[in-house]
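Chemist:
In this note's numbering, the protein residues as written are 33 to 273.
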């Protein structure tokens, strides 16, 4: 949201820096940010100094940090305004286009990672936490959006990854033994946010227009399935000494 009426993302990040300041006498925290987009099932670094197609962005798993992207740039920040500056750069680099349903349609999913590495000044114990703020591209029916060419390919990739997210949500709600996280880059990245040692909030935006009734119903059905997922209890990630 705008500065005068901040939304949940800005409020959460503002509170994060308040906590860092409140605990500065007992803990030292280093906060860093990264921003990426998933465009046509490819990961792009939105804070990279230049586009380099030779750089490979592969999803890896770290014992303490969870899911991360190899070669993704990361920058230290000390305030919300620092994050605002990086987000402005990321938004300029993000893929967007015009369709019949949206004049400025996001053609990718965007993820802002905020990693906090904290050292207890008395015990020396180091802990790591990560906030993943995800802006999902909206699902589209290609015929209704009027997408053709590149726009059509983008819509198909968006819908496929959102369908994969729906499959993961469905499997989690049924406590299936196998969760299909690897069916898309989006769900693979969100594995540590959706399963196990985490807390997750999901907001579904719907349109009040009758023309969008089918999309609204689909979104509400997705939200209903997501509501039934029980992730578990988040635990502190302690870095082995």
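Beta carbons: idealized from backbone N, C-alpha and C, even for Gly.
How far does the beta strand (DSSP E) with residue 200 in it reach, from first residue to last?
Modeler: It is not in any beta strand (DSSP E) - residue 200 instead sits in the alpha helix (DSSP H) that spans 182–205.
Chemist: Per the contact definition of three or more C-beta pairs closer than 8 Å, is the segment 160–169 in contact with the segment 110–123?
Modeler: They do not touch, by the three-pair rule.
Chemist: For residue 250, which of 127, 223 and 198 has the nearest alpha-carbon?
Modeler: Comparing Cα positions, the closest option is 198.
Chemist: For residue 126, which option in 142, 112 and 188 has the closest C-alpha, if you only look at C-alpha atoms?
Modeler: Here the closest residue by C-alpha is 142.
Chemist: What would DSSP say about residue 104, mapped onto helix, strand or coil?
Modeler: Note: residue 104 maps to coil in three-state DSSP.
Chemist: Can you give me the C-alpha to C-alpha distance between residue 255 and residue 246, rounded to a whole angstrom?
Modeler: Straight-line Cα distance between these residues: approximately 14 Å.
Chemist: State the DSSP-derived secondary structure class of residue 40, mapped to helix, strand or coil.
Modeler: Residue state, collapsed to three classes: helix.
Chemist: Helix, strand or coil: which one does DSSP assign to residue 248?
Modeler: Helix, per DSSP.
Chemist: Just reading off the beta strand (DSSP E) that residue 94 is part of, what are its end residues?
Modeler: It spans 91–94 - the beta strand (DSSP E) in which residue 94 sits, taken as one unbroken run.
Chemist: Using the Cα positions of residue 145 and residue 106, report the straight-line distance between them to the nearest angstrom.
Modeler: Looking at the two C-alpha atoms, the distance is approximately 9 Å.
Chemist: Go through its chain and collect everything with a Cβ distance to residue 98's Cβ below 6 Å, but skip five positions before and after it.
Modeler: Closer than 6 Å at Cβ, skipping near neighbours: 224.
Chemist: With DSSP run on the structure shown, which of helix, strand or coil describes residue 125?
Modeler: Note: residue 125 maps to helix in three-state DSSP.
Chemist: Is the segment 213–224 touching the segment 83–100 in the sense that three or more CB pairs, one from each, lie closer than 8 Å?
Modeler: Flag = yes, the segment 83–100 and the segment 213–224 touch.
Chemist: Just the C-alpha distance for residue 103 and residue 41, rounded to the nearest angstrom, thanks.
Modeler: Cα-Cα distance, rounded: 25 Å.
Chemist: What do you reckon, are the CB atoms on residue 140 and residue 69 nearer than 7 Å?
Modeler: Cβ distance < 7 Å, so residue 140 and residue 69 count as in contact.
Chemist: Once you ignore the five residues that flank residue 36 on each side, which residues in its own chain have a CB closer than 6 Å to its CB?
Modeler: Closer than 6 Å at Cβ, skipping near neighbours: no residue.
Chemist: How big is the Cα-Cα spacing for residue 210 and residue 200?
Modeler: Going by the C-alpha atoms only, they are around 9 Å apart.
Chemist: If the criterion is Cβ atoms closer than 7 Å, does the pair residue 191 and residue 171 meet it?
Modeler: Cβ atoms of residue 191 and residue 171: closer than 7 Å.
Chemist: For residue 50, count the other beta carbons within 10 Å of its own beta carbon; 16 or more makes it buried, fewer makes it exposed. Which is it?
Modeler: Classification of residue 50: exposed, given that the 10 Å Cβ count is below 16.
Chemist: In whole angstroms, what separates the C-alpha of residue 129 from that of residue 183?
Modeler: Note that residue 129 has pLDDT 47, beneath the 50 cutoff, so the model's placement of it is unreliable and the number below is only indicative. Cα to Cα, residue 129 sits roughly 7 Å from residue 183.
Chemist: Bridge partners for residue 98 per DSSP, in chain order?
Modeler: 94.
Chemist: Start and end of the alpha helix (DSSP H) containing residue 225?
Modeler: It spans 223–226 - the alpha helix (DSSP H) in which residue 225 sits, taken as one unbroken run.
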